[in-house]
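Position one of the sequence shown corresponds to residue 1 (our numbering), numbered consecutively onward.
Shown next, in structure tokens, is the structure this report addresses.
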Amino acid sequence: MTRISAGEAIGSLIAIVFGLVFVLVNSGGLAAPWPLVLRIAAAVVAVALFVVLARRGKPAGGAGTAFFDRRRFQLIVAAEVVALFAGLFVINGVLGHGEVGVAWIAVVVGVHFVAMGRAFRLARFVTLGVAMTALGVAGFVLAAVGASAAVIGLVSGVLSGFALFAAAGHALAPR
């Protein structure tokens, strides 16, 4: 079986973990049995992806990070952290609309992936970023038309989690 680069292994690990977190945290507001169904489905997907990662995750050859520009990475992550916390402060503390916090997180993480994809010429990051940004924006639109926090969590949170799983699966798929 073909091995993947260290960068793909790390990126896949991060996508699996955060995909699981997005689903676990954001499915709770749905009517029974959906939280349980979605959480079990996410756990099964995460375990399956971890198994594939364990089988393919030992890098072939070098570290696979020749594309990596540490400074650019740090700037993008720093901007993401500032945007996340500043936006959540305004959304929760100033506006009092905590139900759209997950939509904001999806937008910021999505924009982060678009920036990373463009900076490091990784089309799959751009695709994931556009998907997550769209899911976040959809959450804001849903809030504007009066949707419940559970529906916003489903669209911006749970679907973002499964988008992260899909990105990890794509990176881990045999070539």
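A virtual CB, placed ideally from N, CA and C, is assigned to each residue, including glycine.
Remember, it's a predicted structure, so these values are computed and weren't measured experimentally.
Nearest neighbour of residue i, chosen from the options [CA to CA]
i      : options                           : result
ALA163 : ARG175, ALA143 and VAL126         : VAL126
ALA173 : ARG55, ALA131 and HIS112          : ARG55
HIS170 : LEU49, PHE22, ALA6 and LEU30      : LEU49
ARG121 : ASP69, ARG39 and VAL51            : ASP69
ALA31  : VAL151, GLY157, VAL155 and ALA166 : VAL151
GLY87  : LEU75, ILE76, VAL77 and VAL100    : VAL100
LEU159 : VAL107, ARG124 and ARG118         : VAL107
LEU207 : ILE16, ARG39 and ALA78            : What is shown of the chain runs 1 to 175, which leaves residue 207 out entirely.
LEU24  : GLY11, TRP34, ILE10 and ARG39     : ARG39
GLY18  : GLY110, GLN74 and GLY96           : Contrary to the premise, residue 18 reads as Phe rather than Gly in this sequence. Of GLY110, GLN74 and GLY96, the residue nearest in Cα terms is GLY110.
PHE129 : GLU80, THR2, GLY93 and ILE10      : Sequence inspection shows Gly at residue 129; the Phe mentioned does not correspond to that position. Minimum Cα distance to GLY129 is reached at GLU80.
GLY139 : ARG124, ARG118, ILE105 and ALA123 : ILE105
VAL119 : PHE73, GLY7 and THR2              : Just to set this straight, residue 119 is Ala in the shown sequence, not Val. Closest option to ALA119, Cα to Cα, is PHE73.
Integer Cβ distance of residue i from residue j, believed to fall under 8 Å
i      : j      : result
ALA83  : SER156 : The Cβ separation is near 16 Å, so there is no contact.
ALA46  : LEU13  : Rounded, the Cβ-Cβ distance is 11 Å, inconsistent with contact.
GLY153 : SER27  : 7 Å
Residue i burial status per 10 Å Cβ neighbour count (16 or more: buried)
i      : result
ALA167 : buried
PHE165 : buried
ARG136 : Looking at the sequence itself, residue 136 is Gly, so the reference to Arg does not match. When all chains shown are included, GLY136 counts as buried.
GLY161 : buried
ALA189 : Residue 189 falls outside the range modelled here, since the chain spans only 1 to 175, and no answer is possible.
ALA42  : buried
PHE89  : exposed
THR2   : exposed
ALA123 : exposed
LEU95  : exposed
PHE22  : buried
ARG175 : exposed
LEU142 : buried
LEU75  : exposed
GLY11  : buried
ALA9   : buried
Neighbour flag for residue i against chain D, beta carbons, 8 Å
i      : result
ALA131 : Protein chain content of the structure displayed is limited to a single chain, and chain D is not contained in it.
Determine, using beta-carbon pairs with one atom in the stretch 146 to 154 and one in the stretch 111 to 121, whether at least three such pairs fall under 8 Å. no
Which runs of the beta strand (DSSP E) spanning at least 3 residues fall entirely within the stretch 126 to 166, listed in chain order? none
Alpha helix (DSSP H) runs wholly inside the stretch 59 to 120, at least 4 long, in chain order: 70 to 88 and 101 to 120
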